[in-house]
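K.L.:
Heads up: the protein sequence lines correspond to chains B and L, in order.
When you line the first sequence up against our numbering, it's residues 23 to 211, in that order.
When you line the second sequence up against our numbering, it's residues 23 to 211, in that order.
There are 2 protein chains.
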Amino acid sequence: MSYHHGDLRQAVLQAAAERIAADGVAALNLRSLARDLGVAHTAPRHHFGDKRGVLTALAAQGYRQMAERIAVQRGGDLLDAGVAYVQFAVEHPGHFAVMFRPDLVDESEPELQEAVGALGRSLIAAVAAFRGEPVAEASSGDPREQSGTLAAWSIAHGLAHLMLAGVAAPAEGESRAEFIRRTLAHIAV
Amino acid sequence: MSYHHGDLRQAVLQAAAERIAADGVAALNLRSLARDLGVAHTAPRHHFGDKRGVLTALAAQGYRQMAERIAVQRGGDLLDAGVAYVQFAVEHPGHFAVMFRPDLVDESEPELQEAVGALGRSLIAAVAAFRGEPVAEASSGDPREQSGTLAAWSIAHGLAHLMLAGVAAPAEGESRAEFIRRTLAHIAV
DNA sequence: GTGAAGAACTTTCCAATGGAAAGATAGATC
DNA sequence: GATCTATCTTTCCATTGGAAAGTTCTTCAC
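(1) Kindly confirm or deny that the region 165-181 of chain B and the region 198-210 of chain B touch, where touching means at least three C-beta pairs closer than 8 Å.
(2) Given that L/Pro124 touches chain B, what residues does it touch there, using C-beta distances under 9 Å?
(3) Rounded to the nearest angstrom, what separates L/Gly140 and L/Asp29 at their Cα positions?
(4) Is there contact between the region 121-139 of chain L and the region 183-202 of chain L, where contact requires at least three CB pairs shorter than 8 Å?
(5) Can you find the residues in the same chain that come closer than 6 Å, C-beta to C-beta, to B/Gly104, ignoring five residues on each side of it along the sequence?
(6) Does the pairing of the region 59-74 of chain B with the region 108-124 of chain B give three or more beta-carbon distances under 8 Å?
(7) Just to make sure I have the definition right: I need the residues of chain B whose C-beta is within less than 7 Å of the C-beta of L/Arg86. Which are they?
(8) In the DSSP assignment, what are the bridge partners of B/Ile92?
(9) Leaving out the 5 sequence neighbours to the left and right, which residues in its chain are closer than 7 Å to B/Ala65 when beta-carbon positions are compared?
(10) On the premise that L/Ile42 lies in contact with L/Gly116, defined as a C-beta separation below 8 Å, what is that separation, rounded to the nearest angstrom?
(11) Output the distance between the C-alpha atoms of B/Val149 and L/Asp45, rounded to the nearest integer angstrom.
(12) Going along chain B in order, which residues have a C-beta closer than 7 Å to the C-beta of L/Arg204?
(13) The alpha helix (DSSP H) that contains B/Gly71, what's its start and end?
(14) Using a Cβ cut-off of 7 Å, pull out every chain L residue sitting near B/His179, in sequence order please.
(15) How would you call L/Ala191, buried or exposed, if buried means at least 16 neighbouring beta carbons within 10 angstroms?
(16) List the residues that DSSP assigns as beta-bridge partners of B/Ile209.
(17) Say whether chain B places a C-beta atom closer than 7 Å to the C-beta of L/Ile92.
(18) Does the Cβ of L/Val94 have 16 or more other Cβ atoms within 10 Å, making it buried, or fewer, making it exposed?
(19) List the whole-angstrom C-beta distance separating L/Leu50 from L/Ala79, where the pair is believed to meet the contact cut-off of C-beta under 8 Å.
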């Protein structure tokens, strides 16, 4: 056996995401994953501590990537941000499956908290930009404003889940982006 | 040991729901559950086949109970139905955690399919009643073709998830029902 | 260069879990 | 009261996550 895989940490995360995407979180097992990567089954422990550590790192990666994706949409419609949210979830089911899952991850992990914060800022900025407000004022405590943001988040989050559950899908001849946009358009912020 | 527990099937479902509600689906294990019920760890297999069978039965129970709950709201606002949806999810996290999870259940199970159908009919009826349409005509179209219905479902489903994830919560001095209603009110069907 | 020192990985061991198989008991039916 | 069937137990096994200790590689001071 050759020591030093090279970038085992990243390899584990990628493999885990693929397997979760294919068979769900419940089916993920570190042993067969390590087998495929050609390392001992305890090798990932050095990088992640335990299985929960793997899922935590995967969730953090998901939050970061989603935050980036939404930030890129800036300048666009609020709907664009929503579409980006749902698209990310559908295209990265392995990541999305461990995000917003306090039971699967270690919420005290600083890396995770920072990643969650980054996504939160992206979402708030998207809503603020839509309203034409300076981002700095966006986090004022107006309950109506917050409920609008939460409503927008909810519909995107819910649609993502329903699509992943196989309950919702684009009509024939309709692109996924069009379908998502058409559905999210029913929100009134 | 005394044979014949009485109603082991129901006891297992209830215990499973409680445990999932407390620690999440991943933490559920049939062995300690059976231990608490005072039966051998293989006893539930007779009623459910395997672990997936337990989760499938739990999901079916969840769909049925949610369908009932929403049907009771008939005559009320569409928002009432939405509030009922979210309330059920928050009050029965053990059931909701296995609903809409194709990776956890056996979707070919007839009991599950029937239960899903019942919930679908309740949702369609709720939207139809809101629109003032006869229920009979409402079910002519597949719900997934009607973006308004899907949007309403999405926002309720998403809010339920966000609340369970600890991301969203009522403001101080606000009841849960008020909070849910206020958030869902942003939908335009 | 060389020799720690630490990082990355392996080997070995263990407890717990889900499940298979076969046997025991209780309730129902006649 | 004998038999039949549903319900539950006992025993056994493969797989999994994890603990502990050892091995190999890299880095870096000198």
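All C-beta atoms, glycine included, are put in the ideal place defined by N, C-alpha and C.
From a predicted model like this one, the values you see are computed outputs, not experimental measurements.
P.N.:
Checking against the coordinates, here is how it stands:
(1) yes
(2) For the purposes of this step, residue 124 of chain L is taken as the residue at position 102 of the second sequence. In chain order: Gly46, Leu186, Ala187, Gly188.
(3) Stepping through the second sequence from its first residue, residue 140 of chain L is reached at position 118. Stepping through the second sequence from its first residue, residue 29 of chain L is reached at position 7. Rather than Gly, the amino acid found at residue 140 of chain L in this sequence is Ala. Rounded to the nearest angstrom, the two C-alpha atoms are 25 Å apart.
(4) no
(5) Along the first sequence, one-based indexing puts residue 104 of chain B at 82. Closer than 6 Å at Cβ, skipping near neighbours: Ala178, Leu206.
(6) no
(7) Residue 86 of chain L sits at position 64 when you count from the first residue of the second sequence. Result: empty, since nearest Cβ-Cβ is about 17 Å, beyond 7 Å.
(8) Within the first sequence, numbered from 1, the residue matching residue 92 of chain B stands at position 70. DSSP output for B/Ile92 lists no bridge partner at all.
(9) Locating residue 65 of chain B in the first sequence gives position 43, where the first residue counts as 1. Closer than 7 Å at the Cβ level, and outside the excluded window around B/Ala65, lie Leu30, Ala56.
(10) The count along the second sequence starts at 1 and reaches residue 116 of chain L at position 94. The count along the second sequence starts at 1 and reaches residue 42 of chain L at position 20. With 8 Å as the limit, L/Gly116 and L/Ile42 qualify as a contact, their Cβ atoms being about 4 Å apart.
(11) Along the first sequence, read from residue 1 onward, the residue named residue 149 of chain B stands at position 127. Along the second sequence, read from residue 1 onward, the residue named residue 45 of chain L stands at position 23. Whole-angstrom Cα-Cα distance: 34 Å.
(12) Within the second sequence, residue 204 of chain L is the residue found at index 182, counting from 1. The contacting residues are Ser169.
(13) Start at 1 with the first residue of the first sequence, and residue 71 of chain B comes out as number 49. Run containing B/Gly71: none; DSSP gives neither H nor E here.
(14) Taking the first sequence and counting its residues from 1, the one referred to as residue 179 of chain B is at position 157. In chain order: Gly180, His183, Leu184.
(15) The residue you call residue 191 of chain L lines up with position 169 of the second sequence. Under this definition L/Ala191 is an exposed residue.
(16) Position 187 of the first sequence, counted from the first residue, corresponds to residue 209 of chain B. L/Ile209, per the DSSP bridge assignment.
(17) Against the second sequence, residue 92 of chain L aligns to sequence position 70. No, because no Cβ of chain B sits closer than 7 Å to the Cβ of L/Ile92.
(18) In the second sequence, counting from the first residue as 1, residue 94 of chain L sits at position 72. Its Cβ having fewer than 16 others within 10 Å, L/Val94 is exposed.
(19) Position 28 of the second sequence, counted from the start, is the residue given in the question as residue 50 of chain L. Position 57 of the second sequence, counted from the start, is the residue given in the question as residue 79 of chain L. No, L/Leu50 and L/Ala79 are not in contact; Cβ-Cβ is about 13 Å, not under 8 Å.
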